[in-house]
Amino acid sequence: METRIVDNIPEWRYQAEVIARLHALEDAGLPLTCAGDMNRAKRSRRERMEAKVTGLTAGEPDVRVYITGGVLLSFELKTPKGSRSKD
0 METRIVDNIP EWRYQAEVIA RLHALEDAGL PLTCAGDMNR AKRSRRERME
50 AKVTGLTAGE PDVRVYITGG VLLSFELKTP KGSRSKD
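Note that numbering that gives the first Met the number 0 numbers the sequence shown so that position 83 is 82, with each residue one more than the last.
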């Protein structure tokens with residue numbers, strides 16, 4: 000697995016740019032669609048409960064790309080100070 004440090008920007012901004020670029024590729028006609036999650040977002044106790052019961056799970060990738068033919072690409076985005084969870 001290769002690790003690349005891209006910049007010292009907040010993870011959510013980096014993820015937003017990745018999603019925007021993937022949507023642009025989809026709009027250009029590439030056979031893909033994508034979805035993103037912010038599983039680690041800071042939440043109140045109630046928001047954590049709601050996230051859990053609606054399916055947000057620690058360890059899920061930040062970005063998923065679904066490609067025609069049953070191909071799934073999963074991306075975990077981290078800031079230079081970020082670390083992967085055990086999940």
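Just so you know, even glycine gets a beta-carbon here, dropped at the ideal spot from N, CA and C. Values in this document were obtained by computation on a predicted structure and should not be read as measured data.
Buried or exposed by the 16-neighbour rule on C-beta atoms within 10 Å, applied to residue i
i	result
residue 52	exposed
Beta-carbon gap between residue i and residue j smaller than 9 Å
i	j	result
residue 36	residue 55	yes
residue 76	residue 13	yes
residue 63	residue 19	no
Rounded separation between residue i and residue j - CA only
i	j	result
residue 49	residue 24	32 Å
residue 21	residue 32	8 Å
residue 57	residue 30	28 Å
residue 42	residue 11	15 Å
residue 70	residue 9	29 Å
residue 28	residue 65	14 Å
residue 60	residue 47	18 Å
residue 74	residue 17	10 Å
Inset, instruction - May I have a chain-ordered list of the alpha helix (DSSP H) segments no shorter than 4 residues that lie completely inside the region 8-46? - result: Scanning the region 8-46 from its first residue to its last, the whole alpha helix (DSSP H) runs of 4-plus residues come out as 10-26.
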